[in-house]
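Protein chains in written order, with our numbering: chain A, 35 to 305; chain B, 2 to 185.
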């Protein structure tokens, strides 16, 4: 059954007061999440993700050089990798959200379905959130496994949820918006991959990034930097979450900007 | 026997060479610097990687003249069998040397040398001092310590997760496909 037919059927049978839109959003979200989590392709992605986390964990066990790291540093690294993988997932799924529908020829039926464009976007965001939630849950055993001393493990999980979630969603929304504008999965994905590579550079470069003026500017505007700096403060420096409000504000500002961009581009979609 | 005579020949040759070139070996004068070293009282009895240790030194001018341009520094060597090597203190300590323009007779300099233990093993720390006028180096007695290893991540926790989770998802993936094929 095509998504258009599914939505139409749901809108005809829904018992809710505003049945068409609400149940259609839910259906789109379920379909999107199902494609990522339940389908073969989705499972392959999940398998690859846990493979990366497993590989990193095993490297930490096997490498004597890495044993110079503090345990909190290891937890911080793991949390950073989870955010990067989450952003990658959101980027791929977001690139496919509208551009993929366009390339497959299913965008017009979707836009003709009895659901608003905001509803379609909300459904796609819902699917991404479910996928991120699954990824987040799968990362918890890894955080527990490498956090052997238990130092700030709760802080890591809280930081990942609080700062990782908006960063991941922002990447997903930007990808959706760009995909809606470009109408090409490949072009959207390539562009967003370059952006992600740049944004996630603090994971590789670390605090030395802030030593130059350009680096500190980049650090100040990059949502990824804000997320990893907040994690650094919470996990390694044992600072409270309240002290990270500036990072949260910056990340939320990016999230709203990304949402506004995705809404604008979705509204401009032509049938 | 052969070895001994060979060594003797080498020493004789080296001596002849030095005399021939006019570069006679310098003989160390009796130093007027004394260095006493002791572990800090706060040091843990059995340190492990990541712990911090400190050593206290007292450098004294035992002579009757001032010592000018005094420099003292810390050296660390690993003495495990097969791993004997000097250690680059880059990661171990930020406090690597002290200097003093002049040290009067009888005057002392008390210094604490903190360090962070980076790798496990048997180590020997020594403080050395030289002065501008002196002709030889003055070392402190050795201070030995052992660093226990500390695994940052516990394999007993990591292995079940790192191997189990991909296996679980992989098996569910295969099971899902098989069920789909049977249903089809």
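All C-beta atoms in this analysis are idealised placements derived from N, C-alpha and C, irrespective of residue type, glycine included.
> Whose C-beta lies closer than 7 Å to the C-beta of residue 106 of chain B among residues of the same chain, with five residues either side of it excluded?
Replying inline: The answer, listed in chain order, is 62, 64, 65, 66 and 67.
>> Would residue 63 of chain A and residue 128 of chain A qualify as a contact pair, given that the criterion is a beta-carbon distance under 9 Å?
In response: Taking 9 Å as the Cβ cut-off, residue 63 of chain A and residue 128 of chain A do not qualify as a contacting pair.
> Can you find a C-beta in chain B that's less than 9 Å from the C-beta of residue 116 of chain A?
Replying inline: No, residue 116 of chain A does not count as interfacial toward chain B.
> With 9 Å set as the bound, which would you pick, yes or no: does the beta-carbon of residue 189 of chain A sit closer than that to a beta-carbon of chain B?
Replying inline: The C-beta of residue 189 of chain A comes no closer than 9 Å to any C-beta of chain B.
> If you measure beta-carbon to beta-carbon, which residues of the stretch 60–92 of chain B are closer than 8 Å to chain D?
Replying inline: Structure shown: chain D not included; protein chains present are A and B.
> Does any C-beta atom of chain A lie closer than 9 Å to the C-beta of residue 24 of chain B?
Replying inline: The predicted model places residue 24 of chain B with a pLDDT of 46, which falls under 50 and marks its position as unreliable; any figure quoted below should be read in that light. Using a CB distance cut-off of 9 Å, residue 24 of chain B does not count as an interface residue toward chain A.
>> So, for residue 191 of chain A: in the same chain, excluding its five sequence neighbours on each side, which residues have a beta-carbon less than 7 Å away from its beta-carbon?
In response: If the five residues before and after residue 191 of chain A are omitted, its C-beta is found closer than 7 Å to the C-beta atoms of 174 and 177, all from its own chain and listed in chain order.
> Can a CB atom of chain B be found closer than 9 Å to the CB of residue 186 of chain A?
Replying inline: Among the residues facing chain B, residue 186 of chain A is not included, as its CB has no counterpart in that chain under 9 Å away.
> Based on Cα-Cα distance, which residue from B:81, B:76, B:99 and B:96 lies nearest to residue 88 of chain B?
Replying inline: Distance from the Cα of residue 88 of chain B is smallest, within the candidate group B:81, B:76, B:99 and B:96, for B:76.
>> Cutting at 6 Å between CB atoms, please list the residues of its own chain near residue 123 of chain B, excluding the five before and the five after it.
In response: The beta carbon of residue 123 of chain B lies closer than 6 Å to those of 80, 81 and 147 in the same chain, with the five residues before and after it left out.
> Helix or strand or just coil, what does DSSP make of residue 71 of chain B?
Replying inline: For residue 71 of chain B, the secondary structure class from DSSP, reduced to helix, strand or coil, is strand.
>> At 3 residues or longer, what runs of the beta strand (DSSP E) sit wholly inside the stretch 97–139 of chain B?
In response: If we require 3 residues or more, the beta strand (DSSP E) runs fully inside the stretch 97–139 of chain B come out as 98–104, 109–117 and 122–131.
> If we cut at 9 Å on Cβ distances, does residue 94 of chain A have a partner in chain B?
Replying inline: Judged by the 9 Å Cβ criterion, residue 94 of chain A is in contact with chain B.
> In terms of residues, what are the limits of the beta strand (DSSP E) holding residue 40 of chain B?
Replying inline: Residues 34–40.
> Counting along the chain, where does the beta strand (DSSP E) carrying residue 146 of chain B start and finish?
Replying inline: For residue 146 of chain B, the enclosing beta strand (DSSP E) starts and ends at 144–148.
> Ordered along the chain, which non-local residues of its own chain (more than five positions away) have a Cβ less than 6 Å from that of residue 299 of chain A?
Replying inline: Around residue 299 of chain A: 211, 214 and 215.
> Residues of chain B with a CB under 9 Å from the CB of residue 179 of chain A: which are they?
Replying inline: Result: 154, 155, 158, 159, 160, 161, 162 and 163.
> Where does residue 63 of chain B sit, in a helix, a strand or coil, going by DSSP?
Replying inline: Coil at residue 63 of chain B, not helix or strand.
> Secondary structure at residue 57 of chain B, three-state DSSP: helix, strand or coil?
Replying inline: DSSP places residue 57 of chain B in strand when its eight states are reduced to three.
> By DSSP, does residue 95 of chain A sit in helix, in strand, or in coil?
Replying inline: In the structure shown, residue 95 of chain A sits in a helix (DSSP, three-state: H, G or I).
> Who are the neighbours of residue 175 of chain A on chain B, taking C-beta pairs under 8 Å?
Replying inline: Taking a Cβ-Cβ threshold of 8 Å, the residues of chain B close to residue 175 of chain A are 162 and 166, in chain order.
> DSSP beta-bridge partners for residue 87 of chain B?
Replying inline: Note: residue 87 of chain B sits in a beta bridge opposite B:78.
>> With distance defined between alpha-carbon atoms, name the residue in A:91, A:163 and A:93 nearest to residue 70 of chain A.
In response: Relative to residue 70 of chain A, the option among A:91, A:163 and A:93 whose CA is nearest is A:163.
>> Please confirm whether residue 64 of chain A has its beta-carbon closer than 9 Å to some beta-carbon of chain B.
In response: Residue 64 of chain A does not count as touching chain B.
> Using a Cβ-Cβ cut-off of 7 Å (strictly less than) and excluding sequence neighbours within five positions of residue 29 of chain B, which residues of its own chain qualify?
Replying inline: In this prediction, residue 29 of chain B scores a pLDDT of 44, lower than 50, which makes its location untrustworthy; no coordinate-derived value is stated.
> I think residue 208 of chain A touches residue 233 of chain A, with their Cβ atoms under 8 Å apart; what is that distance to the nearest whole Å?
Replying inline: No, residue 208 of chain A and residue 233 of chain A are not in contact; Cβ-Cβ is about 10 Å, not under 8 Å.
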